[in-house]
Amino acid sequence: YEDDDEEDKPGKDSGCTAVMALLVNNKLYVANAGDSRCVVSVGGKAHDMSKDHKPEDEIELKRICKAGGRVSSDGRVNGGLNLSRALGDHNYKKNKDLPNTEQMITALPDVTVLDITPDNNNFIVLACDGIWNSLSSQEVVDFILERINKPDVKLSSICEELFEQCLAPNTLSDGTGCDNMTCIIVKLKPNQKRSRTDDKEDDSEGGECKKHKSDSIEPESVH
Numbered sequence: 001y002e003d004d005d006e007e008d009k010p011g012k013d014s015g016c017t018a019v020m021a022l023l024v025n026n027k028l029y030v031a032n033a034g035d036s037r038c039v040v041s042v043g044g045k046a047h048d049m050s051k052d053h054k055p056e057d058e059i060e061l062k063r064i065c066k067a068g069g070r071v072s073s074d075g076r077v078n079g080g081l082n083l084s085r086a087l088g089d090h091n092y093k094k095n096k097d098l099p100n101t102e103q104m105i106t107a108l109p110d111v112t113v114l115d116i117t118p119d120n121n122n123f124i125v126l127a128c129d130g131i132w133n134s135l136s137s138q139e140v141v142d143f144i145l146e147r148i149n150k151p152d153v154k155l156s157s158i159c160e161e162l163f164e165q166c167l168a169p170n171t172l173s174d175g176t177g178c179d180n181m182t183c184i185i186v187k188l189k190p191n192q193k194r195s196r197t198d199d200k201e202d203d204s205e206g207g208e209c210k211k212h213k214s215d216s217i218e219p220e221s222v223h
């Protein structure tokens, strides 16, 4: 965005976070850039699969300052963004002497891998900070656990209830519960013998996944 024509393009100041999950056999791969988050419920306990990227974190602060930026006392980069990794936000990526991964704001994701064993309580939650600013990872897991095994429950309905739970009653508070909210729940069903009929009747609503097997739940980070 150095040319005058580019400066006038819509969305030049826009940006977004990203959190993605890929399930392959018994491996869950999660990539995260920003402060959206992925959480896995294992036996009712929340396992964070991503770390929120915040400007005040040591590794993030060092990169921001090296790129010519500063972090204010309220954790904002140059008085603006309150996160340190994102797609877009090109005004924070203009240092010609540095590669993309070393700009004030970078889109470089952290990647985490987890071996999982699906059972009746196992599920994955991916959500933006509008959820996590209101509830902790464990609180979200507890909220979903109370509902996910009820007969005929729709995962989309649980998401809607979660939004209502996080929504502020008004805009007079500190802003918590006033942000936009996005959430995906992926239910992992127990490993079981399958027929061709089962495969045809799989319901993909809400991201339900089946047939996965593993023995460990210890996460490892990939750098």
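The UniProt record's numbering puts the first residue of the sequence shown at 1, with every later residue one more than the last. Here a beta-carbon is modelled for each residue, glycine too, at the ideal position from N, C-alpha and C. All of these numbers come straight from a predicted model, not from anything done at the bench.
**Report entry** Where the beta strand (DSSP E) through D89 begins and ends
**Finding:** For the purposes of this step, residue 89 is identified with residue 89 of the sequence shown, where counting begins at 1. From DSSP, D89 is part of no beta strand (DSSP E); its letter is neither H nor E.
**Report entry** Beta-carbon proximity check, T106 vs R85, cutoff 8 Å
**Finding:** Position 106 of the sequence shown, counted from the first residue, corresponds to residue 106. Position 85 of the sequence shown, counted from the first residue, corresponds to residue 85. In contact: T106 and R85 (Cβ atoms closer than 8 Å).
Requested in this report: Take every Cβ of the segment 37–47, pair it with every Cβ of the segment 95–111, and state whether three or more of those distances are shorter than 8 Å.
Outcome: no
Query raised in the report: What residues are listed by DSSP as bridge partners for N32?
Result: Within the sequence shown, numbered from 1, the residue matching residue 32 stands at position 32. Note: N32 sits in a beta bridge opposite V19, D110.
Query raised in the report: Do N122 and L188 have their C-beta atoms closer together than 8 Å?
Result: By one-based count along the sequence shown, residue 122 stands at place 122. By one-based count along the sequence shown, residue 188 stands at place 188. Contact flag set, yes.
Query raised in the report: Are any of the Cβ atoms in chain D nearer than 8 Å to that of V19?
Result: Absent from the structure: chain D. Only one protein chain is present.
Report task. Report, in whole angstroms, the separation of the C-beta atoms of A33 and L87, which I expect to be a contact under 8 Å. Result -> As a first step, residue 33 is located in the sequence shown; it is residue number 33 there, counting from the start. As a first step, residue 87 is located in the sequence shown; it is residue number 87 there, counting from the start. About 7 Å separates the two Cβ atoms, so the contact holds.
Query raised in the report: How is the beta strand (DSSP E) around D48 delimited, first residue to last?
Result: Within the sequence shown, residue 48 is the residue found at index 48, counting from 1. First-last of the beta strand (DSSP E) with D48: 45–48.
Report task. Could you pull out every unbroken alpha helix (DSSP H) segment of at least 4 residues lying fully inside the segment 132–172, listed in chain order? Result -> 137–148, 155–166
**Report entry** Coarse secondary structure for R63, derived from DSSP in three states
**Finding:** On the sequence shown, position 63 is the one that residue 63 refers to. Helix.
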